[in-house]
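Following: one structure in structure tokens, then a few remarks.
Protein chains in written order, with the working numbering: chain A, 570 to 765; chain B, 570 to 765.
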């Protein structure tokens with residue numbers, strides 16, 4: 570499974586592609602940050618983001634686009650731009666028929682670090698470890714985009730298998746595979762992880 | 570000048586086209602509401618809005634797209650969808666090279682009714698009167714879209730003329746024309762109108 574993670578933002582929009590599957594080591598395919606200038610009108614900034622996300626999908630052909638779910642209670646000064654950028658990312662993926670998955674910040678933190686309250690540095694450190702990178706991806710938006718992609722492969726993939734297994738009458742299969750994957754990646758503190 | 574007004578929303582997105590110029594009677598060209606179902610995933614709903622707005626621009630060829638400016642302090646339950654829908658509308662216009670203008674709800678209320686605190690019914694009644702319609706456009710989203718278009722022709726147009734006049738050394742020309750247009754449309758309470 571190849572997942573394009575997107576940490577939406579008007580000034581900095583993180584984009585990261587991760588390939589792999591549950592229980593196997595994951596691989597970084599590409600990561601970057603799309604930047605737009607605050608001196609440019611918002612409609613043009615959104616068009617820049619639209620074109621960049623479209624180009625990333627065209628180049629990397631992800632199976633799923635995983636986007637951070639934005640909440641109205643987030644930082645008021647940036648939340649509108651973040652919501653608009655996330656809407657653009659959703660449209661670009663959906664009009665190509667690619668599945669869009671939304672994960673909340675606490676789901677992402679819990680998936681990669683074992684704690685829904687992990688800080689940016691902890692998330693960055695775990696992304697570096699999980700993808701076996703030489704250095705932490707920077708800025709934080711880049712690491713967050715990769716964390717979203719990792720979360721989808723682990724959590725979304727597990728959820729899909731759980732759904733499939735439950736439908737087939739083998740309800741216990743998916744969680745075990747998920748636990749195995751978690752163990753394979755050396756994560757701690759799973760008992761505190763919030764399950765859907 | 571032909572303006573497409575858009576009252577952005579995920580469930581109901583008002584679209585209305587008004588043609589005319591400052592100081593002349595304005596004409597309704599078309600008005601409708603794009604609806605998407607809450608039972609459909611958000612990315613697909615946004616694609617429906619994208620296609621609808623694109624089709625309206627293609628059909629009506631507006632000079633300007635006027636969109637309601639969304640604030641984070643708005644109703645929390647709908648503000649994210651509203652922000653996403655407004656972002657989609659901006660992108661659709663901007664990638665066609667059409668000017669996007671944003672007007673706040675209080676600017677729209679003040680422009681069409683003379684009071685920034687007018688309620689939906691007052692705005693609807695003034696839109697009906699300004700465009701000489703037989704009945705009030707419904708739902709409110711449709712009337713609001715027309716109000717945005719009217720606002721742009723009166724306020725945006727006035728602002729552009731003011732800018733041009735100021736640049737040319739005739740600072741008093743545009744406001745007078747604006748006042749004349751307002752008088753021609755029989756509005757009251759202009760002294761309370763907030764000027765940019």
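For every residue, glycine included, the Cβ atom is placed at its ideal position computed from N, Cα and C.
Contact check between the stretch 581 to 588 of chain B and the stretch 601 to 611 of chain B: three or more CB pairs, one atom from each, fall below 8 Å, which counts as touching.
Residue 597/A sits close to residue 700/A, with the two beta carbons spaced by under 7 Å. Neighbours of residue 615/A in chain B, taken as residues whose beta carbon is under 8 Å from its own, are 656, 659, 660 and 663 in chain order. Counting only runs of 3+ residues, the beta strand (DSSP E) found wholly inside the stretch 659 to 715 of chain B occupies 668 to 672, in chain order. A residue is called buried when at least 16 other Cβ atoms come within 10 angstroms of its Cβ; residue 645/B does not meet this threshold and is exposed. Linking residue 631/A to residue 719/B through their CA atoms gives a straight-line distance of about 44 Å.
Beyond the five residues adjoining it in sequence on each side, residue 691/A comes within less than 7 Å, by CB distance, of 682 in the same chain, given in chain order.
Within the stretch 625 to 642 of chain A, the residues whose Cβ lies closer than 8 Å to any Cβ of chain B are, in chain order, 639, 640, 641 and 642.
Ranked by Cα distance from residue 635/B, the first of 612/A, 589/A and 709/A is 612/A. Looking at the backbone, the Cα of residue 676/B and that of residue 658/A are separated by about 30 Å.
According to the DSSP secondary-structure assignment, residue 599/A is paired through a beta bridge with 586/A. Take the alpha-carbon of residue 625/B and the one of residue 698/A: they are about 49 Å apart. Among the CB atoms of chain A, none fall inside 7 Å of the CB of residue 607/B. Here the alpha carbons of residue 714/A and residue 589/A stand approximately 16 Å from one another.
It is roughly 37 Å from the alpha-carbon of residue 704/B to the alpha-carbon of residue 650/A. Here DSSP, grouped into helix, strand and coil, assigns residue 622/B to helix. Less than 7 Å separates the beta-carbon of residue 655/B from that of residue 639/B. Burial is judged here by how many other beta carbons sit within 10 angstroms of a residue's own beta carbon; residue 574/A has at least 16 and is buried. Out of 707/A, 711/A, 664/A and 678/A, the CA that lies nearest to the CA of residue 610/B is found in 664/A. Around the beta carbon of residue 678/B, 16 or more other beta carbons sit within 10 angstroms, so the residue counts as buried. With its beta carbon less than 7 Å from one in chain A, residue 649/B belongs to the interface.
Following the DSSP letters along the chain, one finds residue 574/A inside the beta strand (DSSP E) bounded by residues 571 to 576.
Among the bridge pairs identified by DSSP, residue 637/A is matched with 672/A. 579/A is the residue among 579/A, 637/A, 599/A and 642/A whose C-alpha sits nearest the C-alpha of residue 617/A.
In the three-state reduction of the DSSP assignment, residue 630/B falls in the coil class, being assigned neither a helical nor a strand state. Contact note: residue 612/A reaches chain B through 659, 660, 662, 663 and 669, using a C-beta cutoff of 8 Å and chain order. Annotated three-state conformation of residue 604/B is strand, per DSSP.
Using a CB distance cut-off of 7 Å, residue 619/B counts as an interface residue toward chain A.
For residue 581/A, the secondary structure class from DSSP, reduced to helix, strand or coil, is strand.
The residues 583, 637, 710, 713 and 714, in chain order, have a CB closer than 6 Å to that of residue 576/B in the same chain once the five nearest residues on each side in sequence are set aside. By the rule that beta-carbons nearer than 7 Å mark a contact, residue 714/A does not touch chain B.
Remark: C-beta atoms of residue 652/A and residue 694/B do not approach each other more closely than 7 Å. Counting only Cβ-Cβ distances below 8 Å, residue 645/A has contacts in chain B at 641 and 642, in chain order. Around the Cβ of residue 706/A, a 10 Å sphere holds 16 or more other Cβ atoms; the residue is buried.
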